[in-house]
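Asker:
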Amino acid sequence: MRSIAATRYVAPLREGGSLPGIVEADDDGLYVLKFRGAGQGPLALVAEVVGGELARALGLAMPELVRAQLDPVLGHAEPDPEIQELIEASAGENLGVDFLPGALPFTAAAPSVDPAWAAEVVWLDALITNVDRTPRNPNLLCWHGRVWLIDHGAALYRQHAAEDLAAEAHRPFPAIRDHVLLPSAGSIAEADARCAPRLDVGTVRAVVDEVPDDWLTGPRRAAYADYLCARLDGARAFAAEAEEARRGRA
Numbered sequence: 184m185r186s187i188a189a190t191r192y193v194a195p196l197r198e199g200g201s202l203p204g205i206v207e208a209d210d211d212g213l214y215v216l217k218f219r220g221a222g223q224g225p226l227a228l229v230a231e232v233v234g235g236e237l238a239r240a241l242g243l244a245m246p247e248l249v250r251a252q253l254d255p256v257l258g259h260a261e262p263d264p265e266i267q268e269l270i271e272a273s274a275g276e277n278l279g280v281d282f283l284p285g286a287l288p289f290t291a292a293a294p295s296v297d298p299a300w301a302a303e304v305v306w307l308d309a310l311i312t313n314v315d316r317t318p319r320n321p322n323l324l325c326w327h328g329r330v331w332l333i334d335h336g337a338a339l340y341r342q343h344a345a346e347d348l349a350a351e352a353h354r355p356f357p358a359i360r361d362h363v364l365l366p367s368a369g370s371i372a373e374a375d376a377r378c379a380p381r382l383d384v385g386t387v388r389a390v391v392d393e394v395p396d397d398w399l400t401g402p403r404r405a406a407y408a409d410y411l412c413a414r415l416d417g418a419r420a421f422a423a424e425a426e427e428a429r430r431g432r433a
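Shown next as structure tokens:
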């Protein structure tokens, strides 16, 4: 990931529970800043990077992710004490997500959803145990004729509790039944045949290596790669579980 420095705090995005904000950076770009000092802590940023970069490796549309340096002095001009406190608590390296100006929220009722694409998104979210792509909160944006995936901070949720993350690799993920795209998805088994070869061991480890060291406050770096590779290995129970859920919603 590229590194940028935030130069101006522009506005909060109060739709998100972690209170992300739009910032201007030293490359003149606008980014949605995900704060390391937010309630979910830096492990949410780990999930953002892993989920987002795996999506990109699969060819799914993802805004660029960058390492964003934040100087706490930017909070001095903010009248909202909550934002001041958040900026102060997030000094250092945070996550920036390229801002998509004019993007519109995805509507599940849209008639143009491609079943193969929907199946690939479901497959990815089953792989990374993403509990946060539901009808209530799809975390999908429509921009320039494509649907873009955003907000993977709730993925890999067992990282917050598991002493041995890799040992959790074959744990059932019943929340996939609530996926917003499941009713529109084609065969998850066919999506598995397309997607799994794109995520070899080297690709998975390269994605995990993008995570900055000081965000790794839970499992070791190697544990994330081991966890994902174990889920991708063999019969891939997560894909079969998602396919069963799809048939149940059909």
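Start counting the sequence shown at 184; every next residue gets the next number (this note's numbering).
Backbone N, C-alpha and C define an ideal beta-carbon position, used for all residues, glycine too.
Computed from a prediction, not measured in an experiment: that's the story for all the values here.
Taking just the CA atoms, how far does M245 sit from W331?
Answerer: As a first step, residue 331 must be located in the sequence shown, where it is residue number 148. As a first step, residue 245 must be located in the sequence shown, where it is residue number 62. Distance between the alpha carbons of W331 and M245 is about 5 angstroms.
Asker: What number of angstroms, rounded off, separates the C-alpha of A227 from the C-alpha of D397?
Answerer: Along the sequence shown, read from residue 1 onward, the residue named residue 227 stands at position 44. Along the sequence shown, read from residue 1 onward, the residue named residue 397 stands at position 214. Going by the C-alpha atoms only, they are around 13 angstroms apart.
Asker: Rounded to the nearest angstrom, what separates G275 and E346 at their Cα positions?
Answerer: Locating residue 275 in the sequence shown gives position 92, where the first residue counts as 1. Locating residue 346 in the sequence shown gives position 163, where the first residue counts as 1. In a straight line, the C-alpha of G275 is about 27 angstroms away from that of E346.
Asker: How should D297 be labelled, buried or exposed, when 16 other C-beta atoms within 10 angstroms of its C-beta is the threshold for buried?
Answerer: Mapped onto the sequence shown, residue 297 falls at position 114. The residue in question, D297, is exposed, as its Cβ has fewer than 16 Cβ neighbours within 10 Å.
Asker: With DSSP collapsed to three states, give me the class of R430.
Answerer: The residue you call residue 430 lines up with position 247 of the sequence shown. Note: R430 maps to helix in three-state DSSP.
Asker: What are the complete alpha helix (DSSP H) segments, minimum 4 residues, inside the stretch 209-256?
Answerer: 225-240
Asker: Quick one: using the 10 Å Cβ neighbour count with 16 as the cut-off for buried, is E427 buried or exposed?
Answerer: The residue given as residue 427 occupies position 244 in the sequence shown. Its Cβ having fewer than 16 others within 10 Å, E427 is exposed.
Asker: Measure the CB-CB distance between L411 and V387 and report whether it falls below 8 angstroms.
Answerer: Along the sequence shown, read from residue 1 onward, the residue named residue 411 stands at position 228. Along the sequence shown, read from residue 1 onward, the residue named residue 387 stands at position 204. Yes.
Asker: Pop quiz: G336 and E231 are said to be a contact at Cβ under 8 angstroms. What is the actual Cβ separation, rounded to whole angstroms?
Answerer: Position 153 of the sequence shown, counting from 1, holds the residue named residue 336. Position 48 of the sequence shown, counting from 1, holds the residue named residue 231. Right, their Cβ atoms sit about 5 angstroms apart.
Asker: Roughly how many angstroms lie between the CA atoms of R429 and Y214, to the nearest whole one?
Answerer: For this step, residue 429 is matched to residue 246 along the sequence shown. For this step, residue 214 is matched to residue 31 along the sequence shown. Taking the straight line from one Cα to the other gives about 35 angstroms.
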